[in-house]
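Per the working numbering, the sequence shown starts with residue 115, numbered consecutively.
Idealized CB from N, CA, C, for every residue including glycine.
Computed from a predicted structure; not experimentally measured.
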Amino acid sequence: MNACPRAFIVGHPVAQSRSPLIHGQWLREFGLAGSYEKIAVRPEDLAGFVRGMREAGFVGGNVTVPHKAEIMALADGVDDAARAIGAANTLWFEDGRLMAGNTDVTGFLANLDEEAPGWDRRGGNAVVLGAGGAARAVIHGLLQRGFAVDIANRTRGRGEALAAEYPSGVRAWSWDDLAQPSGAAALLVNTTSAGMEGQPPLGVDLRVLHRDALVADIVYSPLETPLLRDAGARGHRTVGGLGMLLHQAVPGFERWFGVRPSVTPQLRSLVEADVPRR
Ligand code: ATR
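Listed below in structure tokens is the structure:
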């Protein structure tokens, strides 16, 4: 390995990313002489950036909006999760080939495993709000754990188109019919951007949920979204989105720097301090 391996996050814009905080903390923790840099790359410059990676001493990195789909065509290989979801967020070299993979699925599942142990024990159906890129990763993870998935999306046609990509186990509902799949759902997951800082809150009526249902949000800024606050007040178990961000970073760091890091309470506190609570 290089004496000072460099990793990155590329996006456009990229200033908002908290990934440098996470990887910077792990580099310090392991006393590694590496770096993790934020690099703004415009879509038209992405191919050139990828071509120059090796020469610049990069061992890999993360890829964020708007490059998550395009990056797959620039890599020599794509992992199963990225292929299934149609988006990659992590690049690394393997036997000299540039690989593109998706760690959002493992991040989503690891967060629930840590924060709500046993959450998948009884299976059943899960309601997923939203039908964008984030929904794809969440649905993939839920299917892996044996759930049937009910998508409810504001624009019904988009939810239907996504459900139609799966041979079975995924149905689509309109926003107004949300009550129908929700009454028996074991969990409800928000994958929309509603409730995010600066966005309107999600307008769903949680009275339709079974009282044992777990409510998860993949939004992590604020840490406590209006959805999580309402669900907590109604007595539901809740899981926020920050843990997904932390856990999705683990496989990338391990591939670039050769050691597997942990999501510790110290790491969580460090990133929490950089995100609004409400
Ligand atoms: P991402 O890749 O982060 O999932 P995206 O592809 O832009 O982003 O998808 C955003 C999702 O959030 C969509 O499902 C969107 O619903 P539409 O398909 O109807 O646009 C959903 N969304 C965004 N704002 C919303 C809001 N205020 N209420 C409900 N859904 C919202």
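**OP:** Go through its chain and collect everything with a Cβ distance to R268's Cβ below 7 Å, but skip five positions before and after it.
**Re:** W289
Subject >> CB-CB length for L223 against A249, believed under 8 Å >> reply: With a Cβ gap of about 15 Å, L223 and A249 do not count as contacting.
**OP:** Taking all protein chains shown into account, decide if P119 is buried (16 or more other Cβ within 10 angstroms of its Cβ) or exposed.
**Re:** Result: buried.
Original post:
Which residues bound the beta strand (DSSP E) around A187?
Top reply: Careful: A187 lies outside any beta strand (DSSP E), inside the alpha helix (DSSP H) at 185 to 188.
Subject >> heavy atom of the ligand ATR below 8 Å from L316 C-beta >> reply: yes
Subject >> In chain order, each alpha helix (DSSP H) run of at least 4 residues that lies wholly inside the stretch 242 to 320 >> reply: 247 to 258, 270 to 277, 293 to 296
Original post:
Which residue spans inside the stretch 361 to 388 form an unbroken alpha helix (DSSP H) run of at least 4?
Top reply: Here the runs fully enclosed are 379 to 386.
Subject >> According to DSSP, residues forming a beta bridge with W233 >> reply: In DSSP, W233 forms no bridge with anything.
Original post:
Distance, Cα to Cα, V385 vs R132?
Top reply: If you draw a straight line from the Cα of V385 to the Cα of R132, it comes to about 7 Å.
**OP:** Take V179 as the anchor and find which of A129, E311, P314, R270 has the nearest alpha-carbon.
**Re:** A129
Subject >> Whole-number beta carbon distance between D388 and L135, since they are thought to touch under 8 Å >> reply: At roughly 6 Å, the Cβ-Cβ gap stays under 8 Å, so L135 and D388 are in contact.
Original post:
Does the ligand ATR have even one heavy atom less than 8 Å from the beta-carbon of W289?
Top reply: Indeed, a heavy atom of the ligand ATR lies less than 8 Å from the Cβ.
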